Amino acid sequence: MDWQDYKVRNTNVEGARAAFEKDCATLFNIIHKDRNVKTVKVSVGDGGIDVFVGNIGVEPIIVIQCKFFLEAFGASQKQQIKDSFNTVINSVEFETEEWILCIPKTLDLKQNKWWCEWADAMKSKHSLKDDFIILNDGNNLIDLFKTHNLFNQVFKIEDSLKIADIDKKVDVIYKTITNDISFDETQIEINKANFYLENVPNLFGENTETHIERSETNFIYEWINNDLNNDQKNIFILEGEKGYGKTVVLKDLLLKLKQNNTNVLGIKADKYYASDRIELEKKIFQKENISIEKIVQLYKNENKTLVIVIDQLDALSQTLSTNREFIQTYNRLISDLSFQSNVRIIISTRSYDLNYDAELSIYKSNKYSKIKITGISKEKVQEVLLKYGINNCSEKLLELLTVPNHLDIFCRLPNKINIDTFSTLKDLYDALWKQLIYNKTALQLKSILNKIAAGMYQNQQITISNVFENEYSKEINYLKSNHLLIENNNELQFFHQTFYDYTFSRQFVENKKSLSNYINENKQSLYVRSIIKMVTEYYREYDHIEYCKTITQLITSSKFRFHIKTLVITSLGDVKNPTNKEKDIVSKFILIDFDLTKVFINSIFSLGWLEFIINQNIPLQYFDYQKDWKINFYEKLISNKIIKPGFSLKYDYLKQKEMRLSLLFRLFTNNRKDGLNVIIRVIEKLPESDEKVNFMNRFLINVDNWDVEKLLVQFEKYFHFNLEDKSRDNFWYYQILEKIFIHYPNFVLDKLSPIILKCFEEHSFTISFTYEQSTIIEKINNINPDLCFVYFHSIFDELVDNNKYEKEFDIVGSPLYKNSKFSDLFESDTNENADDIIEELLSKYIKLKSKDKVFFKSYYEKHKNSNSISHLKILILGLTEIPLLYKQEVFEFIKIIHSKNGFNGYDDKFQLYLRDLITKSFVIFSENQKLELANIILSVKHPADIYYYNDSNSIRKPALGFYGKKKYLFIDSLPNKEMESIPILKKTHQELYRKFGKLNVKQLDRSNISSGFVGPPLAINAYKKMTLNDWKKSFLIFMDIPLQRSPRFRYKVHHDSAAKYTTH
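Here it is, written out as structure tokens:
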């Protein structure tokens, strides 16, 4: 009987979680039978407690936190533990003497190491005793249940025995009726289904030391483990050109997920062709009773995430297959899974198919996260080549081999000679064919390869049943032994899809077939599209003149349908380095026809073609599009009411210009990654107009990489901040600044300064950032915390210096001062206000950097003598983090504050921080230093210690009811042993304890008695500029604040100020 059985006995995870808390409460009731033990009802504000022992608010209590962590113990679980502990340790409602965490999971070595390190850090940080933090894991709890005779009750042993036999019989009946499977069986079936993807080779050639980790694998892994943005689907697209290693990236991802105990189902779409979901699932799992929908539900019931990887979805695209049912089956499956919160889906596809296949292009939307796979670095290529004894090759060859498939083909070559003659993929395949196929005359290798390729084309699939075994057994065994063919479950597949393209095209061309005749023979159906693409790509390298002749015929002849022309033109637009002959074809036959031009420009993903279009002066022509005589005549016909407006789109000037600008926008956005510098040069030359401003706004929003400095000029010129802050344009303004910050952080900070300062110029009762403002502050701080600290500290300095409180807010007899922008009159429950966000950013950084002695000592020396309480609070938080490291500085700082009467103010956060600093550092000082600190503590005063009132006889008398309360808080916060070792402290403590009883030293003392002048709670300047809405809001807030936190006199003065500074 274990905790898995416990979960089953309590129905499910939620039932087990609820039962776990009750059973833990029962256990601690028995363990502490002489004390008050209570469970806490789950509600907002329960203080992070499930069970407590003791009288809460009266005495220190034992807190028991119950977390039903049964499976996972990762970042999420660790954060929950931290949050629960921090809620308790920082509570102002109660004190804690012991914190116990109960979990059913038994931690492994790595997890135990984390726990011990974290617990030790917390005890050190908060000066806690050694046994303050306790872990009761699953084994400990079982022992305790057995010790206290609760085991049978908790694990329902008797009930289990009674229903075990019934369960068994019911299970058999249920499975017979529903044909269902269990969760454990599902995991086994998923692992079986991963076979194809898991066994994809991820080496270059045969050398086992040539695997290269790709950055894309880690990128996708991080996406899986991070939360989704609100507008993002649970689908990730890995796109790339052919041969860039998409399948290997996904194989490595699958292995990494499994290694880290993440559940994953890997599907190779090129292995499973199916016309409907049932057929697909039957092929994947080889069983009738398993569906992906059922699997997802089982994982959801277990509160587990399932990752589904679908590789080579492009194998089902129109480029390779005319049967649309195959890809529609996958699309429907993906669509259904996109609504499952516990599922993440990763898809791989070629870029060409993503852009041009109607079924795949839906994944281009920004709703889908995506990354375009890049090549391998030349340094990594050289590392692989060294494994094959090659240490000297040309830059041209290195560049060619940065494509992973090219490198793999090269490594497969038995004889790596004349290597610097290779410049294209066709050169590599020609060498492979010559060395492994052409020279083996004893075998019919060419014949079997052509038959396999023809069969694949006939079936419109890139796998084929091995029906050739009897006739070509030797040839197939040879090709498999040289890894040119792969066989799984009696199905054959080429080692790479590009080898299928090469083999089919080679035999087509060598047999001197006419492509145009072949197209007509097949009635120009969609069936021939894959042939056109494969053969033209092969012809381009094999016989460029014939290639140019063929594509010219296909583009210009009226005999060919538009879908044929479109395919040829889009393939042409995808060429990275067009030849002069290709440019001539475009100039003479495409750019003269606007319909063909639209297809061509929309298909350009090539720096070579981008530069060509620019050299043709097309951007300027489109921006400065002028009416010709035909358009003028058309408009005259409309004005004379001979034809109606909208009669012809072709001669509608505004529509035609709009189409040209949209076309230009698509050209620039499609090529913004590789052609950004070229695009900027063009933009600079375009004439200024409102159309250009709108165009530039749209274009800049779509730029991802802002490492080009000239872009900053364009941003300043065309993208302006809306001061009214009511337009969504500001959303994009912040989005762009975030991208710029990575490359030019100071530029971004300069842009943010006036925006942030303007927020603080507002004279509202609270100062707030918009969501976009707080988001960009958080993001840039995560990117460069060092620079952001310096930047925000300078803003902090400026705001504090320029907004000092009026004199009545200062501590009497002290040079210390507060300010109206970073006030601690009231404690905020959430850090949503602008001042809270900046203070929190600075405080977190200082606490983190307190480990850096050089930095922190420099910061300390700069600010120790400051009279700004806002600055001093941040410094105190840094000193409090590791007092032992800064023993001398802590002691000196306390004396400096004392010399400025700094301990004699109202009990605000500044005083609370000082109290905490003394509490955590007192034990580290020498005896003489402790005595000196004791005298400082004994001198602590509160402005309201003495309050004078007139009695019934109008005689002025002092009220001493609160005298010494603040001093008592400082004394009582000291470690008990230290306080009792100094007689005068012990004596004073005893006297004040009799007067005030037990108080919470972590709670601010907002006594409602004060003496002397009581100032209004806001700065006088603020009152002068407040609107009527501000006044309404301020009164609501003051009325909501309990009297102990906001003296009634302050409220009255606030009321009087309203009368003084408002007009009727």
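Under our numbering, the first residue of the sequence shown is numbered 8, with each subsequent residue one higher. The C-beta atom is built at its ideal place from N, Cα and C for all residues, glycine as well. In this text, all values refer to a predicted model and were calculated from it rather than measured experimentally.
A distance below 8 Å between beta-carbons, with the five flanking residues on each side excluded, links residue 871 to the following residues of its chain, in chain order: 882, 896, 899, 900, 903.
Taking 8 Å as the cut-off, the Cβ atoms of residue 162 and residue 8 count as close.
Check the Cα spacing between residue 360 and each of 411, 594, 244: the tightest is with 244.
For residue 247, the secondary structure class from DSSP, reduced to helix, strand or coil, is strand. Cβ-Cβ distances below 6 Å link residue 357 to 249, 321 in the same chain, with the five nearest sequence neighbours on each side left out; the list follows chain order. Between residue 265 and residue 139, the alpha-carbon positions lie close to 37 Å from each other. A Cβ-Cβ distance of about 6 Å is found for the pair residue 157 and residue 34, placing them in contact under the 8 Å criterion. For residue 640, the enclosing alpha helix (DSSP H) begins and ends at 636 to 646. About 7 Å separates the Cβ atoms of residue 561 and residue 572, confirming a contact at the 8 Å cut-off. Residue 598 is a Cβ neighbour of residue 623, given a cutoff of 8 Å. For residue 580, the secondary structure class from DSSP, reduced to helix, strand or coil, is helix.
Residue 538 holds the alpha-carbon nearest to the alpha-carbon of residue 526 among 517, 515, 519, 538. Out of 383, 395, 189, the CA that lies nearest to the CA of residue 256 is found in 383. DSSP places residue 106 within a strand segment (E or B) once states are collapsed to three.
A distance below 8 Å between beta-carbons, with the five flanking residues on each side excluded, links residue 603 to the following residues of its chain, in chain order: 562, 572, 576, 596, 597. Counting along the chain, the unbroken alpha helix (DSSP H) around residue 306 starts and ends at 299 to 308.
Following the DSSP letters along the chain, one finds residue 965 in no alpha helix (DSSP H) but inside the beta strand (DSSP E) bounded by residues 963 to 966. Counting only runs that start and end inside the segment 776 to 856, the alpha helix (DSSP H) elements of at least 4 residues fall at 778 to 790, 792 to 809, 841 to 856. Counting C-beta atoms within 10 angstroms of its own C-beta, residue 240 has 16 or more neighbours from the protein chains shown and is therefore classed as buried. Per DSSP, the continuous alpha helix (DSSP H) segment holding residue 416 begins and ends at 411 to 419.
Annotated three-state conformation of residue 338 is helix, per DSSP.
Considering only 58, 24, 518, the residue with the shortest C-alpha distance to residue 39 is 58. For residue 954, the pairing in a beta bridge is given by DSSP as 966. The beta-carbon separation of residue 60 and residue 44, rounded to 5 Å, stays under the 8 Å limit for a contact. Around the CB of residue 999, 16 or more other CB atoms lie within 10 Å, so the residue is classed as buried.
Counting only the Cα atoms, residue 504 lies some 30 Å from residue 297.
Here residue 501 carries a strand assignment [DSSP, helix/strand/coil]. By the CB criterion at 8 Å, residue 776 and residue 841 fall inside the cutoff.
Across the set 381, 720, 685, 640, the C-alpha of 685 shows the shortest separation from the C-alpha of residue 614. The segment 495 to 503 and the segment 541 to 550 do not touch, with fewer than 3 CB-CB distances between them shorter than 8 Å.
Within the same chain, Cβ atoms closer than 6 Å to the Cβ of residue 74 are found at 110, the five residues on either side in sequence being excluded. Taking all protein chains in view, the Cβ of residue 1004 is surrounded by fewer than 16 other Cβ atoms within 10 Å, so the residue is classified as exposed. According to the DSSP assignment, residue 400 belongs to no beta strand (DSSP E), since it is labelled neither H nor E. For the pair residue 12 and residue 164, the Cα-to-Cα distance works out to about 10 Å. Non-local beta-carbon contacts of residue 372 in its own chain, meaning distances under 8 Å to residues more than five positions away in sequence, are absent. For residue 928, there is no enclosing beta strand (DSSP E); the enclosing alpha helix (DSSP H) has its first and last residue at 916 to 928.
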